[in-house]
Amino acid sequence: MSTKISIVNVKNYENIPDAIVAAIKLIENDVNFNLLECKNILLKPNLLRASKEACTQPVFVEGVIKYLKESGVQMKHVSIGDSPGQIKISATQIAKKIGLYEVCEKAGIKFLNFEQDIPVHEKIEGSLRLEDYYVSKSVKDCDLLINLPKLKTHGEATITGAIKNYWGVIPGGLKAKYHMVGNTPDKFGEALADNFSWIVTNKPNRLTVYDCVRIMEGPMGPVSGNMKQWDLILVGTDELALDVVALEIGKFKSSKYVPHLRNASERGLGEYHLENIEILGLSLEEARKITPKFKVPGRRMTKFASFITRRIIYKVTKKIPILKKKMCIKCGQCSEVCPANAIKFLSGSYPEFLRRDCISCLCCMEMCPQEAIKPKLRGIGGLFHSY
Ligand code: SF4
Ligand code: SF4
0 MSTKISIVNV KNYENIPDAI VAAIKLIEND VNFNLLECKN ILLKPNLLRA SKEACTQPVF
60 VEGVIKYLKE SGVQMKHVSI GDSPGQIKIS ATQIAKKIGL YEVCEKAGIK FLNFEQDIPV
120 HEKIEGSLRL EDYYVSKSVK DCDLLINLPK LKTHGEATIT GAIKNYWGVI PGGLKAKYHM
180 VGNTPDKFGE ALADNFSWIV TNKPNRLTVY DCVRIMEGPM GPVSGNMKQW DLILVGTDEL
240 ALDVVALEIG KFKSSKYVPH LRNASERGLG EYHLENIEIL GLSLEEARKI TPKFKVPGRR
300 MTKFASFITR RIIYKVTKKI PILKKKMCIK CGQCSEVCPA NAIKFLSGSY PEFLRRDCIS
360 CLCCMEMCPQ EAIKPKLRGI GGLFHSY
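This is the structure:
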């Protein structure tokens, strides 16, 4: 047995934070890091939109904070963040709407909006799709990553859970661009596995606390699918094993139908075989008995969703920086800060934006001292571009 996963039923505890603490304690002797030596602990919830059902519950963050505090971790070493990649709403606004921001303020932990981070250019060894890869600086800098996914169905990826939750480490508009790279469910699965591969290689200290209390299923996931009560929390350090176990609990026929799990398994990014996973706490049989079947979208649905995303949604919703010449003083700072070298600048001239190279990070807008750069949605016109 190489991989350990704990499963607890929240009904067996006073409240969810207590259940989370109990679930983490079941595996804490098997983690490869010393919590008290970690000085930059980053919590990564799923903050998809301003609806509690679509996000990791704030009470999950409360539970993890409770565990960290009881273990002697000082809150000055802890922060939390995400990049939902939404057009009209930021991670901070989502956190405020669902009550998560308040939890963080009360605990004294810093909330980070990855979309305001400067993206860091990184290399993924053996990358299949994400050759030009960037991650949020907050993720690059952390020394312990605590992953807080929620189990939901996903139109393109079939499911979103422990591995897919890391897609949020890619800042803002870039995620949409990568959807173009992974332009079929299988290729998108390879892109997700590329991203996960960077995590496995660069972030050896990881812990996942998996929200399976109220899961989302059906074709409208991960945004507004049907909610089902599972009342379970899964904890472990192997995300592939956690996703496999979650699907096994949901009586899903085979995890190999999920492209990113298949790809992660083929690349040896975690444990795929149930016989090599040791379950602590509630047994797999007991967990299966108390949960309803997890209904995931079929192959035709994921192909259709992938087509719509790549041909329409990404192109229309891409944010581009627009220069307001009247306010520009031709200082060139935007060009210096652009991580993708997408701004051509010659002294004495206005900056020129190279649209094909732009990764929509909007760092130029943040850094411009004159506020001479404004974001603009590409809109319908985007349908006529190949990028
Ligand atoms: S940073 Fe702002 S003011 Fe300076 S060149 Fe760029 S757009 Fe113009
Ligand atoms: S041009 Fe602006 S938005 Fe585009 S990649 Fe450069 S900094 Fe980011």
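Here the sequence shown stands for residues 0 to 386, where the numbers follow numbering that gives the first Met the number 0.
Heads up, the beta-carbon is just placed ideally off N, CA and C, and yes, glycines get one too.
Computed from a predicted structure; not experimentally measured.
#1: Verify whether the separation of the beta carbon atoms of Val295 and Ile158 is less than 8 Å.
#2: At what residues does the beta strand (DSSP E) containing Thr207 begin and finish?
#3: Just the C-alpha distance for Val7 and Gly235, rounded to the nearest angstrom, thanks.
#4: Would you mind stating whether Asp142 and Asn39 have Cβ atoms separated by less than 8 Å?
#5: Terminal residues of the continuous beta strand (DSSP E) containing Gly80?
#6: What are the partner residues of Met300, as DSSP defines its beta bridges?
#7: Anything with a beta carbon under 6 Å from a heavy atom of ligand 2 counts; list them all in chain order.
#8: Out of curiosity, what's the CA-to-CA distance linking Val9 and Met366?
#9: Would a C-beta distance cut-off of 8 Å place Ser359 and Lys317 closer than the cut-off?
#10: Count the other CB atoms, across all protein chains shown, that sit within 10 Å of the CB of Gln115; report buried if there are 16 or more and exposed otherwise.
#11: For Gly347, is the classification buried or exposed, using 16 other Cβ atoms within 10 angstroms of its Cβ as the cut-off for buried?
#12: What residues in its chain sit with their C-beta under 7 Å from that of Glu189, if we drop five residues either side in the sequence?
#13: How about Tyr100 and Ala106: are their beta carbons less than 8 Å apart?
#14: Could you tell me whether the Cβ atoms of Lys122 and Thr55 are closer together than 8 Å?
#15: Would you decide whether Pro374 is buried or exposed? Buried here means 16 or more other CB atoms lie within 10 Å of its CB.
#16: Any heavy atom of ligand 1 closer than 7 Å to the Cβ of Pro368?
#17: Measuring only the C-alpha atoms, how far is Pro291 from Ser5?
#18: Which whole runs of the beta strand (DSSP E) in the stretch 11-65 are 3 residues long or more, in chain order?
#19: Straight-line CA distance for Arg48 to Gly154?
#20: Would you say the stretch 255-275 touches the stretch 236-245, given that touching needs at least three Cβ pairs under 8 Å?
#21: Residues in the same chain with beta-carbon distance under 6 Å from Glu61, minus the five sequence neighbours each way, listed in chain order, please.
#22: Taking the CB atoms as reference points, tell me whether Ser137 and Phe110 lie closer together than 8 Å.
#23: Thinking just about the alpha-carbon of each residue, which of Lys255, Leu281 and Ala371 is nearest to the one in Ala18?
#24: Compute every distance between the C-beta of Ile117 and the non-hydrogen atoms of ligand 1, then say whether any falls below 7 Å.
#25: Which first and last residues belong to the alpha helix (DSSP H) in which Glu114 is found?
#26: Sort Cys330, Pro338 and Arg377 by Cα distance to Pro350 and report the nearest one.
#27: Would you please state the rounded distance, in angstroms, between the beta carbons of Leu260 and Ile162? I believe it to be under 8 Å.
#28: Cβ of Gly331 within 7 Å of any heavy atom in ligand 1?
#29: Look up Pro368 in the DSSP assignment and say whether it is helix, strand or coil.
#30: Report the residue from Asp131, Glu130, Lys186 and Lys202 whose alpha carbon sits nearest the alpha carbon of Tyr165.
#31: What three-state label does DSSP hand Val234 in the structure shown?
#32: Measuring alpha carbon to alpha carbon, tell me which residue in Gly98, Leu41, Asn45 and Ile88 is nearest Gln73.
#33: Should Ser135 be labelled buried (16 or more other beta-carbon atoms within 10 Å of its own) or exposed?
In brief:
#1: Position 296 of the sequence shown, counted from the start, is the residue given in the question as residue 295. Position 159 of the sequence shown, counted from the start, is the residue given in the question as residue 158. Taking 8 Å as the Cβ cut-off, Val295 and Ile158 qualify as a contacting pair.
#2: Position 208 of the sequence shown, counted from the first residue, corresponds to residue 207. It spans Arg205 to Glu216 - the beta strand (DSSP E) in which Thr207 sits, taken as one unbroken run.
#3: In the sequence shown, residue 7 corresponds to position 8, counting from 1. In the sequence shown, residue 235 corresponds to position 236, counting from 1. Those two C-alpha atoms are separated by around 12 Å.
#4: Locating residue 142 in the sequence shown gives position 143, counting from the first residue. Locating residue 39 in the sequence shown gives position 40, counting from the first residue. Taking 8 Å as the Cβ cut-off, Asp142 and Asn39 qualify as a contacting pair.
#5: Translated into the one-based positions of the sequence shown, residue 80 becomes position 81. Run containing Gly80: Val77 to Asp81, per the beta strand (DSSP E) assignment.
#6: As a working note, residue 300 is residue 301 in the sequence shown. Per DSSP, none; premise fails for Met300.
#7: Pro320, Cys337, Ala339, Ala341, Ile342, Phe352, Cys357, Ile358, Ser359, Cys360, Leu361, Cys362 and Cys363
#8: The residue given as residue 9 occupies position 10 in the sequence shown. The residue given as residue 366 occupies position 367 in the sequence shown. Each residue's alpha carbon lies about 46 Å from the other.
#9: As a first step, residue 359 must be located in the sequence shown, where it is residue number 360. As a first step, residue 317 must be located in the sequence shown, where it is residue number 318. It is a contact, given that the beta carbons lie within the stated cut-off.
#10: Mapped onto the sequence shown, residue 115 falls at position 116. Looking at its Cβ environment, which holds 16 or more other Cβ atoms inside 10 Å, Gln115 is buried.
#11: One-based indexing of the sequence shown puts residue 347 at position 348. With fewer than 16 other Cβ atoms within 10 Å, it is exposed.
#12: As a working note, residue 189 is residue 190 in the sequence shown. Correct list, in chain order: Leu127, Arg128, Gly181 and Asn262.
#13: Position 101 of the sequence shown, counted from the first residue, corresponds to residue 100. Position 107 of the sequence shown, counted from the first residue, corresponds to residue 106. Not a contact, by the Cβ cut-off of 8 Å.
#14: Within the sequence shown, numbered from 1, the residue matching residue 122 stands at position 123. Within the sequence shown, numbered from 1, the residue matching residue 55 stands at position 56. No, the pair does not count as a contact, with Cβ atoms beyond the cut-off.
#15: The residue given as residue 374 occupies position 375 in the sequence shown. It counts as exposed.
#16: Locating residue 368 in the sequence shown gives position 369, counting from the first residue. Checking the Cβ of Pro368 against ligand 1 gives yes.
#17: As a working mapping, residue 291 is identified with position 292 in the sequence shown. As a working mapping, residue 5 is identified with position 6 in the sequence shown. Those two C-alpha atoms are separated by around 20 Å.
#18: 40-44
#19: Translated into the one-based positions of the sequence shown, residue 48 becomes position 49. Translated into the one-based positions of the sequence shown, residue 154 becomes position 155. Going by the C-alpha atoms only, they are around 16 Å apart.
#20: yes
#21: Counting from one through the sequence shown, the residue named residue 61 turns up at place 62. Same-chain partners within the cutoff: Pro16 and Val102.
#22: Working through the sequence shown from its first residue, we reach residue 137 at position 138. Working through the sequence shown from its first residue, we reach residue 110 at position 111. No, these two residues do not count as a Cβ contact at 8 Å.
#23: Position 19 of the sequence shown, counted from the first residue, corresponds to residue 18. For Ala18, the nearest C-alpha among the options comes from Leu281.
#24: Position 118 of the sequence shown holds residue 117. No, the Cβ of Ile117 stays beyond 7 Å of every heavy atom of ligand 1.
#25: The sequence position of residue 114 within the sequence shown is 115, counting from 1. Segment: none, Glu114 is in no alpha helix (DSSP H) and carries neither H nor E.
#26: The residue you call residue 350 lines up with position 351 of the sequence shown. It is Cys330 whose Cα lies nearest to the Cα of Pro350.
#27: Along the sequence shown, one-based indexing puts residue 260 at 261. Along the sequence shown, one-based indexing puts residue 162 at 163. Correct: roughly 7 Å between the Cβ atoms.
#28: If you number the sequence shown from 1, residue 331 lands on position 332. Flag set: Cβ of Gly331 near ligand 1.
#29: Here residue 368 refers to the residue found at position 369 of the sequence shown. Pro368 falls in the coil class under three-state DSSP.
#30: For the purposes of this step, residue 165 is taken as the residue at position 166 of the sequence shown. The shortest Cα separation from Tyr165 among Asp131, Glu130, Lys186 and Lys202 belongs to Lys202.
#31: Position 235 of the sequence shown, counting from 1, holds the residue named residue 234. If DSSP states are grouped into helix, strand and coil, Val234 belongs with the strands.
#32: Position 74 of the sequence shown, counted from the first residue, corresponds to residue 73. It is Leu41.
#33: As a first step, residue 135 must be located in the sequence shown, where it is residue number 136. When all chains shown are included, Ser135 counts as buried.
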